[in-house]
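K.L.:
Have a look at the structure that comes next, please.
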Amino acid sequence: MGVAARIGVVVFPGTNCEHDVVQAVERLGGRGELLWHGDTELGAVDAVVLPGGFAHGDYLRPGALARFSPIMDAVTRFARQGGAVVGICNGFQVLTEAGLLPGALQKNGRLRFLCQPTGLRVTSTASVLTGLAEVGQELVIPINHFSGSYTCDAETLRALRDGDRIVLRYTDNPNGSVDDIAGIANEAGNVVGLMPHPERASHALLGSEDGLVLLRSLLSAAAAPAAA
Amino acid sequence: MRFFARVEVQLRPGIADPEGATIERALPALGFDGVDHVRAGRSFSFEVDAADEGAARSKATELADRLLANPVIEESRLELELLGG
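Chains A and B, in that order, are what the protein sequence lines are. When we follow this note's numbering, the leftmost residue of the first sequence carries the number 300, and every step to the right adds one. When we follow this note's numbering, the leftmost residue of the second sequence carries the number 125, and every step to the right adds one.
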């Protein structure tokens, strides 16, 4: 990596993990740039992260209103052109509502808000977020959500499995997600959504550095755009 | 013409409904016997200006499908009523 990869981090009203993502990205040598949801252009970024939080207060449903924010047209164009787009937690909910990823995130089984370190297994490396990880690699990364139970119809699940698009699975499913799904990718692998927060596992002081391999994968994909 | 619209949104049959299930589990303790199949949902109401009932229905249906419900997991039901005047 010569020039630092520029990671655009989208801020909706109510987003609250943007600085954590920027800090983690910069720790790895990338450059984080905050992008306002009301803008219509992304500028010269190499990848886009939709970070966690409560975009538009999570009114109606998580992600339901964020999907209509002006910047989402630019994010969608960027994704269609093969640009790396990652949605973390609330960002994952936005990507499903926007139709950039299939399925939906429902209230957790047993209706519990979950905020805890969670065991994960990398189950596909065919994505911009897992390219440098290994299949079978186990990671401990925190989750922090009320609506993180991934659900989809049988046909979609088959397509996800057959296409090697389930990138992360829970080792001990905490929220009732179908097939233990913690993260998925689109067909091309350039759009990824996950409920765990890799930026909260990016320094030993935070209790885990297991998120770094995911963020490093993203920076590496961003440095070599659309090559995957 | 002006119409009053009410849209009810519920999870599709077969989609787990933890809210409905939790309510149902609480019922015996409250003395409600013989009540089951509880499903939770939401209700929205709004008023629509349109040329006729068909146009109002299609506008309200589009609004329900694009925004109020997530068709991946939810279904919606629309009731329309002509407002006098």
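Each residue gets a CB set at the ideal place from its N, CA and C atoms; glycine is no exception. Computed from a predicted model, the values in this text were never measured in an experiment.
Taking only three categories from DSSP, how would you classify GLN380 (chain A)?
P.N.:
Note: GLN380 (chain A) maps to coil in three-state DSSP.
K.L.:
What does the Cβ neighbour count give for MET371 (chain A), buried or exposed, with the cut at 16 atoms within 10 Å?
P.N.:
It is buried - the Cβ of MET371 (chain A) has at least 16 other Cβ atoms within 10 Å.
K.L.:
Along the segment 490-513 of chain A, where does the CB come closer than 7 Å to a CB of chain B? Name the residues.
P.N.:
Flagged: no residues at all.
K.L.:
Apart from the five residues on each side of it in sequence, which residues of its chain come closer than 7 Å, Cβ to Cβ, to ALA526 (chain A)?
P.N.:
Reliability fails at ALA526 (chain A), whose pLDDT of 42 lies under 50, so the model's placement of it is uncertain and no value is given.
K.L.:
Tell whether a beta-carbon distance below 8 Å holds between PRO361 (chain A) and HIS336 (chain A).
P.N.:
No; because the gap between Cβ atoms is not below 8 Å, this pair is not in contact.
K.L.:
Please decide whether LEU191 (chain B) counts as near chain A, where near means a Cβ-Cβ distance under 8 Å.
P.N.:
So yes, LEU191 (chain B) belongs to the interface.
K.L.:
For GLY408 (chain A), which residues in chain B fall below 8 Å Cβ to Cβ?
P.N.:
What GLY408 (chain A) touches in chain B: ALA140, PRO142.
K.L.:
Within 10 Å of its beta-carbon, does GLU437 (chain A) have 16 or more other beta-carbons around it, so buried, or fewer, so exposed?
P.N.:
Classification of GLU437 (chain A): exposed, given that the 10 Å Cβ count is below 16.
K.L.:
Rounded C-beta distance between THR422 (chain A) and ARG468 (chain A)? I'm assuming under 8 Å.
P.N.:
Right, their Cβ atoms sit about 5 Å apart.
K.L.:
How many Å lie between ALA323 (chain A) and LEU514 (chain A) at the Cα?
P.N.:
In a straight line, the C-alpha of ALA323 (chain A) is about 8 Å away from that of LEU514 (chain A).
K.L.:
Given that THR450 (chain A) touches chain B, what residues does it touch there, using C-beta distances under 9 Å?
P.N.:
Under the 9 Å cutoff, chain B gives ILE139, ALA140, VAL196, ILE197.
K.L.:
Is it right to say MET494 (chain A) is buried, meaning 16 or more other beta carbons lie within 10 angstroms of its own, or is it exposed?
P.N.:
With 16 or more other Cβ atoms within 10 Å, it is buried.
K.L.:
Would you say THR185 (chain B) reaches chain A, if we count a Cβ-Cβ gap shorter than 8 Å as a contact?
P.N.:
Judged by the 8 Å Cβ criterion, THR185 (chain B) is not in contact with chain A.
K.L.:
Can you give, in chain order, each stretch of the alpha helix (DSSP H) that sits fully within the segment 474-517 of chain A and has at least 4 residues?
P.N.:
Counting only runs of 4 or more, we get nothing.
K.L.:
Please say whether ALA188 (chain B) and SER200 (chain B) have beta carbons closer to each other than 8 Å?
P.N.:
A contact, by the Cβ cut-off of 8 Å.
K.L.:
Name the one or two DSSP bridge partners that GLY356 (chain A) has.
P.N.:
In the DSSP output, where bridge partners are listed per residue, GLY356 (chain A) has none listed.
K.L.:
With a Cβ-Cβ cutoff of 8 Å, do LEU135 (chain B) and GLU198 (chain B) count as a contact?
P.N.:
Closer than 8 Å, so yes.
K.L.:
So what's PRO416 (chain A) in DSSP terms, helix, strand or just coil?
P.N.:
Strand at PRO416 (chain A).
K.L.:
Given that ALA343 (chain A) touches chain B, what residues does it touch there, using C-beta distances under 8 Å?
P.N.:
By Cβ distance, chain B contributes nothing, its closest Cβ being about 32 Å from ALA343 (chain A), past 8 Å.
K.L.:
Determine which residues share a DSSP beta bridge with ASP173 (chain B) and list them.
P.N.:
Answer is B:ARG126.
K.L.:
Which one of A:ARG366, A:ASP345, A:ALA343, A:GLY329 has the shortest CA to CA distance from VAL310 (chain A)?
P.N.:
Ranking the options by Cα distance to VAL310 (chain A), first place goes to A:ARG366.
K.L.:
Report buried or exposed for THR417 (chain A), applying the criterion of at least 16 other Cβ atoms within 10 angstroms of its Cβ.
P.N.:
With 16 or more Cβ atoms within 10 Å of its Cβ, THR417 (chain A) is classed as buried.
K.L.:
What distance in whole Å lies between the Cβ atoms of LEU400 (chain A) and GLY492 (chain A), which are believed to be in contact at a cut-off of 8 Å?
P.N.:
The Cβ separation is near 5 Å, so the contact holds.
K.L.:
Please work out which residues of its chain come closer than 6 Å, Cβ to Cβ, to SER507 (chain A), disregarding the five sequence neighbours upstream and downstream, and give them in chain order.
P.N.:
So the qualifying residues of the chain are VAL439, ALA500.
K.L.:
Have a look at ASP479 (chain A) and LEU327 (chain A) and give me their C-alpha separation to the nearest angstrom.
P.N.:
When rounded, the distance between both Cα atoms is 29 Å.
K.L.:
How close, in whole Å, do the beta carbons of ARG126 (chain B) and ASP173 (chain B) come, if the pair is a contact with beta carbons under 8 Å?
P.N.:
Correct: roughly 6 Å between the Cβ atoms.
K.L.:
ALA403 (chain A) by DSSP, collapsed to three states: which one?
P.N.:
Note: ALA403 (chain A) maps to strand in three-state DSSP.
K.L.:
Given a threshold of 16 other Cβ atoms within 10 Å of its Cβ, counted over all protein chains shown, does GLU205 (chain B) qualify as buried or as exposed?
P.N.:
Looking at its Cβ environment, which holds fewer than 16 other Cβ atoms inside 10 Å, GLU205 (chain B) is exposed.
K.L.:
Determine whether the Cβ of ARG457 (chain A) lies closer than 8 Å to any Cβ atom of chain B.
P.N.:
No - not a single Cβ of chain B is within 8 Å of the one on ARG457 (chain A).
K.L.:
Listing by chain order, which chain B residues have their CB less than 8 Å from the CB of ARG515 (chain A)?
P.N.:
Near ARG515 (chain A) there are no residues of chain B at all, since even the closest Cβ is about 32 Å away, more than 8 Å.
K.L.:
With ARG305 (chain A) and ASP345 (chain A) assumed to form a contact (beta carbons below 8 Å), what rounded beta-carbon distance in angstroms separates them?
P.N.:
Indeed they touch by this definition, with Cβ atoms about 5 Å apart.
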